[in-house]
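Mind the numbering: the sequence shown is residues 286 to 436 in the working numbering, read in order. Backbone N, C-alpha and C define an ideal beta-carbon position, used for all residues, glycine too. These numbers were taken from a predicted model, which means no experiment stands behind them.
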Amino acid sequence: MGQYAYAFAQSFLVLYNLETDNVSIQLGNLTWPDSSFLPRAVDINQDLLVVVLGYVGNSSSKFTPCAYLLSRSGSNWTVTDTWAYMPPSTSWQASLTNWDADTYSAKYDMSVSFNDVNSQVLLGIQIANTFVLLDIDQASKKFLLPSQSLS
Numbered sequence: 286m287g288q289y290a291y292a293f294a295q296s297f298l299v300l301y302n303l304e305t306d307n308v309s310i311q312l313g314n315l316t317w318p319d320s321s322f323l324p325r326a327v328d329i330n331q332d333l334l335v336v337v338l339g340y341v342g343n344s345s346s347k348f349t350p351c352a353y354l355l356s357r358s359g360s361n362w363t364v365t366d367t368w369a370y371m372p373p374s375t376s377w378q379a380s381l382t383n384w385d386a387d388t389y390s391a392k393y394d395m396s397v398s399f400n401d402v403n404s405q406v407l408l409g410i411q412i413a414n415t416f417v418l419l420d421i422d423q424a425s426k427k428f429l430l431p432s433q434s435l436s
């Protein structure tokens with residue numbers, strides 16, 4: 286791909302087209318459905334669909350891993366779907382509060398990788414020692430559930 290450079294933060298999103306030298310900037314409070322969202326990993330596919338993985342919540346209760354699927358229309362980014370990590374209630378992951386996820390620590394690292402051929406995205410959630418595979422419906426720009434996970 287190599288045509289774009291991008292940055293996604295809690296307060297802004299930036300897409301820089303390396304070929305046209307065009308920069309698009311959008312405020313996070315106009316984009317994220319939950320203003321507490323803390324982006325930690327992002328990938329963009331060949332159709333300019335974006336998955337941003339991070340945490341939502343607060344330090345007084347808990348932070349939950351969450352992914353947003355975004356599409357681009359003109360110069361605007363729109364969240365088209367949301368996915369939240371919900372481990373089985375009997376698993377050790379269910380007891381995680383991630384109370385300090387708003388402070389950088391390697392234990393909260395995450396990863397995202399698109400498989401354009403199969404319209405899938407692989408999410409890595411280090412704190413939960415879990416990988417999640419989500420299918421994406423290209424027409425509706427939605428995550429197809431249920432997801433497949435490996436812990």
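Expressed to the nearest angstrom, what Euclidean distance is found between the alpha-carbon atoms of residue i and residue j?
i	j	result
S296	S436	32 Å
D306	I410	34 Å
L418	S344	28 Å
T314	F293	Reading the sequence as shown, one finds Asn at residue 314 and not Thr. Each residue's alpha carbon lies about 12 Å from the other.
P350	D401	23 Å
Y289	Q331	10 Å
Y393	A386	6 Å
Y389	S358	32 Å
S376	F399	27 Å
S309	F416	31 Å
Y353	L300	17 Å
Count the other C-beta atoms from every protein chain shown that fall within 10 angstroms of the C-beta of residue i, then say buried if there are 16 or more, exposed otherwise.
i	result
G287	exposed
T316	buried
I412	buried
L303	exposed
N446	Missing from the structure shown is residue 446; the chain here goes from 286 to 436 and no further.
G342	buried
M371	exposed
A391	exposed
N383	buried
Please confirm whether any heavy atom of the ligand NAD lies closer than 7 Å to the CB of residue i.
i	result
S432	Absence of the ligand NAD is noted for the structure shown, with no ligands found whatsoever.
Which residue marks the beginning of the beta strand (DSSP E) containing residue i, and which one marks its end?
i	result
Y301	297-302
I410	405-410
Q433	427-435
D420	415-422
A290	289-293
What residues in its chain sit with their C-beta under 8 Å from that of residue i, if we drop five residues either side in the sequence?
i	result
S356	L333, L334, V335, W362, T363, T365, K426
Quick one: residues in its chain with C-beta nearer than 7 Å to the C-beta of residue i, no 5 flanking neighbours on either side, listed in chain order?
i	result
Q405	L418, L419, D420, I421
S321	V341, G342, N343
P324	F293, A294, Q295, V337, G339
To which residues of the same chain is residue i closer than 6 Å at the C-beta, ignoring the five residues directly before and after it?
i	result
Y379	Correcting the residue identity first, residue 379 is Ala in this sequence and not Tyr. For A379, where only same-chain residues beyond five positions count, the Cβ hits under 6 Å are P372.
* Asked: Which whole runs of the beta strand (DSSP E) in the stretch 310-337 are 3 residues long or more, in chain order?
  -> 323-329
Restricting to runs no shorter than 3 residues, where is the beta strand (DSSP E) found entirely within the stretch 344-405? 348-358, 361-369, 395-400
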